[in-house]
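*Asks:* Heads up: take any position in the sequence shown, counting from 1, add 7, and you land on my numbering.
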Amino acid sequence: MQTVTSSVARARAVFDAGTTRPQAWRLAQLRSLRRMLVERRADFADALGRDLGKHNTEAQMTEIGFVTAEVAHLERHLASWLRPRPVPVPLAVQPARAWTEYTPLGVVLVISPWNYPLQLMLSPLAGALAAGNTAVLKPSEHAPATSAALARWVPEYLAGAAEVVEGGIPETAALLAERFDHIFFTGGEAAAKVVMRAAAEHLTPITLELGGKSPAYVDASTDLAAAAKRIAWGRFMNAGQTCVAPDYVLAAGDVLEPLQRELVTATRALFGPDPATSTSYGRIVDDRHFARLAALADASTVVYGGERDAASRYFAPTLLRPKPGDAVMEEEIFGPLLPLVPVHGVEDAIERINARAKPLALYVFSKDAPTRRAFAERTASGALCFDIPAAHLMVPGLPFGGVGGSGMGAYHGEHSLRTFSHERPTLDKPLWPDTLEVIYPPYTRTKQGIINALVAPVRRQPRKRSGTR
8 MQTVTSSVAR
18 ARAVFDAGTT
28 RPQAWRLAQL
38 RSLRRMLVER
48 RADFADALGR
58 DLGKHNTEAQ
68 MTEIGFVTAE
78 VAHLERHLAS
88 WLRPRPVPVP
98 LAVQPARAWT
108 EYTPLGVVLV
118 ISPWNYPLQL
128 MLSPLAGALA
138 AGNTAVLKPS
148 EHAPATSAAL
158 ARWVPEYLAG
168 AAEVVEGGIP
178 ETAALLAERF
188 DHIFFTGGEA
198 AAKVVMRAAA
208 EHLTPITLEL
218 GGKSPAYVDA
228 STDLAAAAKR
238 IAWGRFMNAG
248 QTCVAPDYVL
258 AAGDVLEPLQ
268 RELVTATRAL
278 FGPDPATSTS
288 YGRIVDDRHF
298 ARLAALADAS
308 TVVYGGERDA
318 ASRYFAPTLL
328 RPKPGDAVME
338 EEIFGPLLPL
348 VPVHGVEDAI
358 ERINARAKPL
368 ALYVFSKDAP
378 TRRAFAERTA
388 SGALCFDIPA
398 AHLMVPGLPF
408 GGVGGSGMGA
418 YHGEHSLRTF
428 SHERPTLDKP
438 LWPDTLEVIY
448 PPYTRTKQGI
458 INALVAPVRR
468 QPRKRSGTR
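1. Taking just the CA atoms, how far does Ala-298 sit from Asp-23?
2. Could you tell me if Thr-475 is buried or exposed, where buried requires 16 or more neighbouring beta carbons within 10 angstroms of its beta carbon?
3. Can you find the residues in the same chain that come closer than 8 angstroms, C-beta to C-beta, to Pro-151, ignoring five residues on each side of it along the sequence?
4. When the Cβ atoms of the region 405-423 are set against those of the region 252-261, are three or more pairs found closer than 8 angstroms?
5. Does the distance from the C-beta atom of Arg-19 to that of Thr-141 stay below 9 angstroms?
6. Which runs of the alpha helix (DSSP H) at least 4 residues long sit entirely within the region 240-309? Give them in chain order.
7. What are the partner residues of Ser-428, as DSSP defines its beta bridges?
8. DSSP three-state call for Asp-333: helix, strand or coil?
9. Could you tell me whether the Cβ atoms of Asn-63 and Val-292 are closer together than 9 angstroms?
10. Looking only at C-alpha atoms, which of Arg-363, Met-68 and Leu-215 sits nearest to Gly-195?
11. Using only CA atoms, which one of Leu-129, Tyr-164, Leu-210 and Pro-162 lies nearest to Leu-183?
12. Give the DSSP-derived three-state secondary structure of Lys-145 in the structure shown.
13. Rounded to whole angstroms, what is the Cα-Cα separation between Ala-1 and Arg-290?
14. Per DSSP, Val-171 forms a beta bridge with which residues?
15. Under 6 angstroms Cβ to Cβ from Ala-397, same chain only, skipping five residues before and after it: list those, please.
16. By alpha-carbon positions, which one of Val-201, Ala-197, Ile-213 and Ala-169 ends up nearest to His-189?
17. On the three-pair Cβ rule with 8 angstroms, is the region 148-166 touching the region 223-233?
18. Fully enclosed by the region 349-423, which beta strand (DSSP E) runs are 3 residues long or longer?
19. Taking the beta carbon of Gln-101 as the centre, do at least 16 other beta carbons fall within 10 Å, making it buried, or is it exposed?
Written out as structure tokens, the structure is:
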């Protein structure tokens with residue numbers, strides 16, 4: 008496919024020319040990216056509204072402003088992160104100096120999903136540019152307005168630094184057949200396996216940002232009204248189409264009943280008695296996902312919400328009480344359905360969480376220190392948050408990524424620089440004096456003694472005397 012081949016070739020030519028390596032170039036690209044987000048804010052907000060029904064404020068908070076803040080953080084700290092880092096040199100190699108420094112990888116492919124089509128494209132791009140790479144961007148065809156906006160504005164603001172390839176599966180397949188120096192993919196498990204297989208052909212390193220069923224545990228020690236409002240916000244933001252949204256709630260029976268009532272109250276406070284009339288509530292991305300969510304809800308027990316309109320792809324915030332074996336508990340929901348699951352307590356909750364694939368995030372609402380410690384020590388997840396869902400993405404110093412089935416690799420802030428760089432070790436040892444004479448053949452008993460002293464200078468610890476002092 009000529010468009011794909013030429014886009015990759017242009018990105019490769021810019022990198023091979025050495026243009027991207029200076030810190031000044033990297034900072035210039037970051038400034039241009041930030042300027043694009045500021046100057047074209049209205050265009051991007053309009054596109055997000057057309058694709059997902061996102062309110063202007065939500066678009067600013069979770070996408071446009073989110074990336075703007077990420078870029079500013081990279082700009083502010085890039086110089087210090089790029090400084091060479093000295094490494095101690097053992098006596099056997101001295102005199103010498105050793106250090107590590109971040110070096111760019113080359114041409115990076117970024118494949119983004121449709122649910123946060125701006126954030127999940129431009130945030131990895133910012134890291135790739137900060138690391139001194141060029142990039143080829145593949146926006147999701149399921150968010151066509153945002154894809155078109157990116158294809159229009161990225162070449163204007165980031166000419167030579169980033170190429171945009173629009174299209175669907177054929178274009179993605181053609182891109183994956185090309186050779187890249189890193190592939191960054193955000194999406195689902197099935198597509199991730201395709202990406203991994205393609206990357207293996209060129210031994211290309213990859214970062215996979217996936218999903219999974221992120222649980223929330225709530226106990227009686229917490230403020231149920233406050234917890235419910237935060238859970239409802241995290242679950243129903245972007246109409247539930249958020250990879251780090253709480254996917255189901257675990258609570259003891261005597262907690263679950265009042266929590267359900269508080270979740271209803273919180274949802275009404277956020278979106279009104281009829282969310283269909285709320286401009287703050289989004290829409291399902293397309294008919295296929297709408298039908299999938301409808302099937303999940305209809306196969307379970309709805310205790311609140313469930314209203315829907317296929318023509319506008321409106322699906323109300325919905326609370327479920329699933330039975331064992333319900334499909335809604337077998338797959339990531341990615342929509343405004345929230346199952347409420349009774350457990351016998353902390354032990355039961357941890358066992359249920361550990362019986363599943365490792366989630367992208369785990370949320371614990373509890374004031375009890377032993378309970379918090381139990382989840383911290385006995386579960387595995389991409390992130391662990393106490394008393395707040397999803398907000399860890401707003402902390403630029405925290406790595407964002409999954410573990411096991413929820414992904415591999417991480418980014419944001421300095422972690423993006425690490426992901427899109429090679430930390431190259433360098434050793435500088437002068438030719439004179441040549442202290443290595445001691446290790447050159449022919450070997451003698453004297454050399455053996457010196458080598459033993461240099462290579463294994465382990466001192467014996469003095470034995471403790473037994474008995475009284």
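The beta-carbon is built from N, C-alpha and C at its ideal position, and this holds for glycine as well.
*Replies:* To lay it out plainly:
1. If you number the sequence shown from 1, residue 23 lands on position 16. If you number the sequence shown from 1, residue 298 lands on position 291. The alpha-carbon atoms of Asp-23 and Ala-298 are separated by roughly 47 angstroms.
2. On the sequence shown, position 468 is the one that residue 475 refers to. Only weak support is given to the placement of Thr-475: the predicted model assigns it a pLDDT of 44, under 50, and the value that follows is read from those uncertain coordinates. Exposed, since its Cβ has fewer than 16 Cβ neighbours within 10 Å.
3. Locating residue 151 in the sequence shown gives position 144, counting from the first residue. Asp-58, listed in sequence order.
4. no
5. As a first step, residue 19 is located in the sequence shown; it is residue number 12 there, counting from the start. As a first step, residue 141 is located in the sequence shown; it is residue number 134 there, counting from the start. Yes, the pair counts as a contact, with Cβ atoms nearer than the cut-off.
6. 260-278 and 294-305
7. Taking the first residue of the sequence shown as 1, we reach residue 428 at position 421. Note: Ser-428 sits in a beta bridge opposite Pro-111.
8. Here the question's residue 333 lines up with position 326 in the sequence shown. Here Asp-333 sits in coil by DSSP.
9. Start at 1 with the first residue of the sequence shown, and residue 63 comes out as number 56. Start at 1 with the first residue of the sequence shown, and residue 292 comes out as number 285. For Asn-63 and Val-292, no; Cβs fall outside 9 angstroms.
10. Stepping through the sequence shown from its first residue, residue 195 is reached at position 188. For Gly-195, the nearest C-alpha among the options comes from Leu-215.
11. Locating residue 183 in the sequence shown gives position 176, counting from the first residue. Ranking the options by Cα distance to Leu-183, first place goes to Leu-210.
12. Counted from its first residue, the sequence shown places residue 145 at position 138. Lys-145 falls in the strand class under three-state DSSP.
13. Within the shown structure, residues of the chain are numbered from 8 to 476, placing residue 1 beyond reach of any answer.
14. To locate residue 171, count along the sequence shown from 1; it is residue 164. According to DSSP, Val-171 bridges with Leu-144.
15. Here residue 397 refers to the residue found at position 390 of the sequence shown. Hits under 6 angstroms: Gly-241 and Val-251.
16. Locating residue 189 in the sequence shown gives position 182, where the first residue counts as 1. It is Ile-213 whose Cα lies nearest to the Cα of His-189.
17. no
18. 369-372 and 391-393
19. In the sequence shown, counting from the first residue as 1, residue 101 sits at position 94. Answer is exposed; the Cβ neighbour count stays below 16.
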